[in-house]
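Visitor: Taking my numbering, the leading residue of the sequence shown gets 1370, the next gets one more, and so forth.
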Amino acid sequence: MRFLSEKNKYILLIQLGLAIYLLFTLLISEYKNYKVQRYIDDFDLRNQKIAAENVLLNNDLSYFNSPEYQEKIAKQNLGLINPGEKVLVIQVEDSLSESQRYEKSIQESEIKRINALPNHKKWWYYLFS
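1) Between Leu1425, Asn1451, Leu1426, Asn1427, which lies nearest to Glu1437 when the distance is taken from Cα to Cα?
2) Please report the straight-line C-alpha distance between Lys1490 and Glu1479, rounded to a whole angstrom.
3) When the Cα atoms are used, what is the spatial distance from Leu1385 to Tyr1379?
4) The alpha helix (DSSP H) with Gln1460 in it runs from where to where?
5) Taking only the alpha-carbon atoms, compute the straight-line gap between Tyr1400 and Lys1418 and give it to the nearest angstrom.
6) Compute the distance between the beta-carbons of Leu1387 and Leu1381, then report whether it is under 8 angstroms.
7) Under the three-state reduction of DSSP, which class applies to Pro1513: helix, strand or coil?
8) At the level of alpha carbons, what is the spacing between Glu1375 and Phe1393?
9) Measure the alpha-carbon distance for Asp1429 versus Ala1420 and round it to whole angstroms.
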């Protein structure tokens, strides 16, 4: 900087300071723009989720308001039938076979026997059996 005069040095320093100020202002502006864009993207995502939920709820509403659903509920809860329909009542038998019932009763009696044991015997059987 020897070859620059005093006047040119001041002008160069002022230009450098102005450039740094403009760069700083630009960076702050870009950061604010980035934050606003993130905020907008977040709300767009929320809006899409709410719209999808709204579609599902509208589908549910149309289903619940349909005559088929109302008839189904009337038949299930109120026992209503249409003319010409017959109601069949099917009784479910015990699905376990005789041997399965026997094994289940043995397991239940073994559980009752173990639960009736004192705590130290339970530990003995747990550790050494």
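By construction, the Cβ of each residue, glycine as well, lies at the ideal position given by its N, Cα and C atoms.
All values reported here derive from a predicted model rather than from experimental measurement.
Guide: To lay it out plainly:
1) Checking every option, the nearest Cα to that of Glu1437 belongs to Asn1451.
2) Rounded to the nearest whole angstrom, the C-alpha separation of Lys1490 and Glu1479 is 15 angstroms.
3) Their backbone Cα atoms lie some 10 angstroms apart in a straight line.
4) For Gln1460, no alpha helix (DSSP H) run applies, since DSSP gives it neither H nor E.
5) Their Cα atoms are separated by approximately 27 angstroms.
6) In this structure, Leu1381 does not lie closer than 8 angstroms to Leu1387 by Cβ.
7) With the chain covering 1370 to 1498 only, the question about residue 1513 has no answer from this structure.
8) One C-alpha to the other measures close to 27 angstroms.
9) Between the alpha carbons of Asp1429 and Ala1420 lies a distance of about 14 angstroms.
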